[in-house]
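Going by this note's numbering, the sequence shown wraps up at 796, each residue one higher than the last. Notes follow the structure.
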Amino acid sequence: MSDVTHASLPDARLLPHSSHWGAFSVLVKDHDIEIVPHPRDADPSALLGNIPAAVSHKARVARPMIRRGWLERGPGPDDRRGSDEFVPLSWTDALDHAGAELRRVYATHGPRAVFGGSYGWASAGRFHDAPRQLHRFLSVAGGYVRSVNSYSSGAAAVILPHIIGPQAAVAGNNVSWAELVAESSLVLAFGGMALKNNDVGGGGTSQHIARDSLATARRRGAEFHLIGPLRDDLPEHVEAVWHPIRPGTDVALMLGVAHTLVTERLHDRAFLDRYCVGWETFEAYLLGRSDGKTKDAAWAAAICGLPADDIVGLARRCAGRRTLITCSQSVQRAEHGEQPVWMGVVLAAMLGQTGLPGGGFAYALGSTSNTGKPPLAVPLPTLPIGRNGIADFIPVARIADMLLQPGETFDYDGQRLTYPDIRLVYWAGGNPFHHHQDLGRLRRAFARPDTVIVHESAWTATARHADIVLPATITLEREDIGATAGDPLMIAMHRAVVPYREARDDYAIFSGLAERLGIGEAFTEGRSARQWLEHIYEPTRRALAERGVNAPSFDEFWEAGELALPVEPWDGGIVRAFRRDPAAMPLPTPSGRIEIASAAITGFGYADCPGHPAWLPTVEGAGSSAASRFPLHLIANQPATRLHSQLDFGATSLASKIKGREPVRIHPEDAAARGIRDGDIVRLYNERGACLAGAVLSDALRPGVVQLSTGAWYDPEDPAAETPFCVHGNPNVLTRDAGTSRLAQGCAGQLTLVEIERFDGPLPPIKAFDPPPGG
Ligand code: PGD
């Protein structure tokens, strides 16, 4: 038996379950359900409060639906996607239509015309993971164009392997929370380590430890510095020194700090010589020898808006102690997002702390709940996705470019690639009309393919932009296994409620389609969902048995409700090994060392990502031409009241809204200048679109900055309008759809320029949670 037991598991109605925001139990009472946090979690997430509404909300998709225009005129590009009505069909008819269309596209255009990139967080189980189910299905069906990387970490995922090592090896697991608690003397947190981000992590967690770890480190005397425009990106109890930097200018500040380190001889030359390549090239840039511009503190101050004395002071405080530089995911989710990650690595190297416990550089520590924890000693249950025979891919955030510009070439990480001509888009487990930038442009892009098929549990904007909508179960309606590499507890996710109306599991939907395509056996391998759970559990059980530790049978695991998995001792990974012996344990970079300058990246010849970290002005930053018309920096960050767009209709999310609109925080000075009072409804706008939001006046922002989180369901007043006006508060009507650079082509949605005005007109109704016409 596991050493962690569920509080009242013998009570048959208290059912173990899990989510991306934490493990919990469900108490089913007559027609009501109660969500009980896992007893092991001392700091459970408030997002659990969103779950009960999901069970039978009016926003749920009740039946299979087909868009009227598609049903009547057949497949083809159509501007009415997103504004058309829907027609309910039986499952048999809907699957027949979807199957026939898949056959047609595969036969007429081939697998390169099928986009299965289908990015999205879906739900937490290891088997009913909708994107993996889709990938497995399309691999068996003939292949598909995929997407690579993530909206979370698009820039870091590509730059890190060039300069220090793959993200999986160096992010979140080269410095642990335990080391931060015990060893770090000074933490310089670029973009902070906001507790709201720690609430969530892919696959969930049974213990949210960030709040306590930060508090304990502080009590020991660790000094925290928050570099960021939002004061609450570190919790109050760490008493951080707040450096309210101008958004998007972290690299300038880092260069100013680096310059001070060099001119005051505080940098660790021995470390740079032994462990790095490219120092001379970078130093020439830093000191202005290569471009005539000295990157000193005064230079940096003019760009980043912090006093030069503070920059000099920060450099002096960082030197000669166990300094940890963290870089949040948000900082790289912006134009030139590769640069702060690269420069963070360089700054840590200059301080000579890289690879020491609690020191050096940690990417994304604190950006999700499952970073900075010891690795598991056994493999996790995993659904095999088969082999996709198609090599074509796009960096994930280039979806609109791909649909709008088939046949055009683009750059990515040293390659010149071509956008495929996509005829069929298949999405399961994601919400691009939440996650993508410039939603007006995305709407035009979604008008291009012949057919869009979506599995959704609710009428998200993505479902509304589909031709065929197949109703999916939510996680409470099915059995699964909850587990993640960042947590030692594996959860037997019991079914708590029956499926809503006609909803089916993604697996059941794909099984039905696979039968129609004549690949039923290849897809299911003859297993029911329960048999798959037993099947994918087996490698974990075997590995446990091989280690001679508790290895319950599947039935025993299911009965117990959870299983504690062994973890490996924390060893600092490849970076610490490299520090100990750089000759024997080189980094997996081209030189085997930390690349302060990269010959490979220099060779790519990208002006927007040169061969060493550099300050690059942004199209939408202070001093840009857009800033004269749209003077406020909008931070469109992760929400505190839901995961992305999931369960926006839930109690925790709704409680934060103002007259039903998403809250936007604005500094009192900026509000006063515009006649805006706390609680007013305001209109944010720029040349791409506009949205309404409810004003919250706050001095926790740098003046000139406003903050509107992502995830309010897109609710256009007129879904067919060329320039979208979202009456609910989705910031992605405003954000710019451009890659971080030609290197990574990552999502740059975090920062945008906008203007705001009070909205005095009659308030348009919120329709986001109502089914569409016919739905
Ligand atoms: P979610 O809201 O999690 O957003 O984008 P993502 O698409 O992941 O969408 C998941 C969808 O899957 C939901 O609609 C949910 O209903 C559905 N779903 C859940 N479970 C199931 C299931 O079992 N089956 C099926 N078929 N569907 C299911 C998140 C993305 O947004 C991310 S990761 C980041 S980091 C980005 N962040 C920003 C940002 O900082 N700023 C801007 N402007 N934009 C961003 N977008 C990105």
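Where is the CB? At the ideal position from N, CA and C, for every residue including glycine.
What did DSSP end up calling residue i once you bin it into helix, strand or coil?
| i | result |
| --- | --- |
| Cys348 | strand |
| Ser867 | Shown here, the chain extends from 22 to 796; a query on residue 867 therefore has no answer. |
| Gln360 | helix |
| Leu116 | helix |
| Ile411 | coil |
| Ser160 | helix |
| Cys747 | strand |
| Ala585 | strand |
| Pro752 | helix |
| Asp253 | helix |
| Ser29 | Note that Ser29 has pLDDT 38, beneath the 50 cutoff, so the model's placement of it is unreliable and the number below is only indicative. DSSP places Ser29 in coil when its eight states are reduced to three. |
| Pro689 | helix |
| Val478 | One point to set straight first is that residue 478 is Ser, not Val, in the sequence displayed. Residue state, collapsed to three classes: coil. |
| Phe107 | strand |
| Tyr172 | coil |
| Arg354 | coil |
If I measure Cβ to Cβ from residue i and keep anything under 7 Å in the same chain, skipping five residues before and after, which residues do I get?
| i | result |
| --- | --- |
| Arg469 | Pro98, Leu424, Leu425 |
| Ser311 | Ala305 |
| Val25 | Low confidence applies here, because Val25 scores a pLDDT of 31, under 50, leaving its location unreliable and the question unanswered by this model. |
| Leu327 | His264, Ile266, Leu274 |
| Gly742 | Residue 742 is actually Ala in this sequence, not Gly. Nothing meets the Cβ criterion. |
| Pro31 | Confidence is the limiting factor: at Pro31 the pLDDT is only 42, short of 50, which leaves the residue's position unreliable and the question unanswerable from this model. |
| Leu282 | His288, Ala336, Ala340, Met371 |
| Ser29 | Any reading at Ser29 must be qualified, since the residue scores a pLDDT of 38, below 50, and its modelled position is unreliable; the value itself is stated next. These residues qualify, in order along the chain: Leu35. |
| His476 | Ala151, Ala449, Leu491, Ala493, Asp527, Ile530 |
| Ala714 | Arg682, Glu683, Pro684, Val685, Val703, Leu705, Leu729, Gly750 |
Are the beta-carbon atoms of residue i and residue j separated by less than 7 Å?
| i | j | result |
| --- | --- | --- |
| Ile702 | Lys680 | yes |
| Ala493 | Asp527 | yes |
| Val135 | Ile540 | no |
| Met214 | Val490 | no |
| Glu559 | Ile184 | no |
| Ser762 | Asn658 | no |
| Pro740 | Val754 | no |
| Asn170 | Val417 | yes |
| Leu377 | Cys339 | no |
| Ala238 | Gln353 | no |
| Ile420 | Pro132 | no |
| Ser234 | Val202 | yes |
| Glu683 | Gly750 | yes |
| Gly95 | Tyr447 | no |
| Val596 | Asn195 | yes |
| Gly380 | Arg343 | yes |
Keeping to the same chain, check which residues put their C-beta closer than 6 Å to that of residue i; ignore five residues upstream and five downstream.
| i | result |
| --- | --- |
| Ser39 | Ala145, Gly225, Gly503, Ile512, Met514 |
| Phe467 | Arg102, His486 |
| Ala692 | Leu718 |
| Phe651 | Asn707, Leu774, Val775, Glu776 |
| Met364 | Val272, Met275, Pro634 |
| Ala80 | Ala479, Trp480, Phe670, Phe790 |
| Ser674 | Asn71, Thr662, Arg663 |
| Ser168 | Gly138, Tyr140, Ile415, Val417 |
| Glu456 | Per the sequence shown, the amino acid found at residue 456 is His instead of Glu. Same-chain partners within the cutoff: Tyr172. |
| Arg601 | none |
| Gln360 | Val272, Pro634 |
Could you check which residue in the options has the C-alpha nearest to that of residue i?
| i | options | result |
| --- | --- | --- |
| Glu776 | Cys747, Arg101, Asn194, Glu708 | Glu708 |
| Pro256 | Lys217, Gly242, Ala143, Asp629 | Lys217 |
| Asp220 | Phe211, Ile230, Arg343 | Ile230 |
| Gly299 | Pro250, Ile622, Ala479, Asp758 | Ile622 |
| Gly644 | Ser349, Cys325, Phe45 | Cys325 |
| Ile557 | Asp501, Leu251, Pro737 | Asp501 |
| Ser549 | Arg562, Arg499, Pro573 | Arg499 |
| Val748 | Gly782, Leu36, Val727 | Gly782 |
| Pro402 | Gln458, Thr439, Phe575 | Phe575 |
| Gly163 | Leu497, Val596, Asn409, Asp629 | Asn409 |
| Pro453 | Ala714, Ala143, Arg89 | Ala143 |
| Glu232 | Gly223, Ala199, Leu251, Gly249 | Note that residue 232 is Arg in the sequence shown here, rather than Glu. It is Ala199 whose Cα lies nearest to the Cα of Arg232. |
| Gln350 | Gly309, Arg342, Thr392 | Thr392 |
| Arg610 | Tyr296, Glu301, Arg241 | In the sequence on display, residue 610 carries Thr and not Arg. The residue with the shortest Cα to Cα distance from Thr610 is Tyr296. |
| Glu523 | Gly451, Ala83, Asp629 | Ala83 |
Within a Cβ cutoff of 8 Å, which residues of the same chain sit near residue i, ignoring the five residues on either side of it in sequence?
| i | result |
| --- | --- |
| Phe531 | Gln154, Leu155, Arg157, Phe158, Phe544 |
Return yes when the C-beta of residue i is under 6 Å from any heavy atom of the ligand MN, and no when it is not.
| i | result |
| --- | --- |
| Arg419 | Summarising the ligand content, the structure contains the ligand PGD and does not contain the ligand MN. |
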